[in-house]
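Under our numbering, read the sequence shown as residues 372 to 504, first letter to last.
Positions of the beta carbon are idealized from the N, C-alpha and C atoms, including for glycine.
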Amino acid sequence: MKDKHDLVRGWLAKAASDLATADLILESTGPYDTACFHAQQAIEKMLKGFLAFYELPIPRTHDLEELQRLVLEAQSLPKFAGIDLAQVTDYAVAVRYDFEFWPDQGVAAAAVTLAEEVQYIILDALPPECHPR
Numbered sequence: 372m373k374d375k376h377d378l379v380r381g382w383l384a385k386a387a388s389d390l391a392t393a394d395l396i397l398e399s400t401g402p403y404d405t406a407c408f409h410a411q412q413a414i415e416k417m418l419k420g421f422l423a424f425y426e427l428p429i430p431r432t433h434d435l436e437e438l439q440r441l442v443l444e445a446q447s448l449p450k451f452a453g454i455d456l457a458q459v460t461d462y463a464v465a466v467r468y469d470f471e472f473w474p475d476q477g478v479a480a481a482a483v484t485l486a487e488e489v490q491y492i493i494l495d496a497l498p499p500e501c502h503p504r
């Protein structure tokens, strides 16, 4: 990485890749638990990219609520403050090992829609030179 903008772009490019994967799964016949996982991963990477922009420590966590708190400490984002990330946080690890978690397409679509909403907010809050190419 050459500078912080490259680092942020890297996080956001990986997030976009996860989101694209979730979209592909969502448009098919599943598996929708995997779409939920990739939606969670996309949000996590977007938030970590945001923290990288502010040169803040990036915690080794999948807890989206914790990352949301850190992002909001760095910058006031009213649209982001009102988003509930609790359920999507569970899609990172807990439900990956829950052998009874088989969400339908609607549940996966809600997770992907949330990830797209977070992407819009994060990209809007960062300068264009940080956006993935």
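8 Å Cβ shell around residue i - same chain, five flanking residues per side excluded
i: residue 448; result: 442, 492, 496
i: residue 485; result: 410, 414, 454, 456, 459
i: residue 436; result: 456, 457, 460
i: residue 476; result: 397, 401, 403
Given residue i as reference, the closest of the options once Cα atoms are compared
i: residue 490; options: 474, 412, 426; result: 412
i: residue 433; options: 457, 401, 391; result: 457
i: residue 480; options: 454, 446, 399; result: 399
i: residue 494; options: 394, 428, 424; result: 424
i: residue 391; options: 377, 467, 379, 407; result: 407
Own chain residues within Cβ distance below 7 Å of residue i, not counting five before or after
i: residue 473; result: 404
i: residue 394; result: 483
Beta-carbon contacts of residue i that lie in its chain and below 6 Å, excluding the five residues immediately before and after
i: residue 383; result: 420, 503
i: residue 386; result: 413, 416, 417
Limits of the unbroken alpha helix (DSSP H) element including residue i
i: residue 407; result: 403 to 424
i: residue 502; result: Element bounds for residue 502: n/a, residue is neither H nor E.
- Task: Check whether the segment 400 to 418 touches the segment 459 to 467, counting contact only when three or more Cβ pairs, one atom from each stretch, lie closer than 8 Å.
- Result: yes
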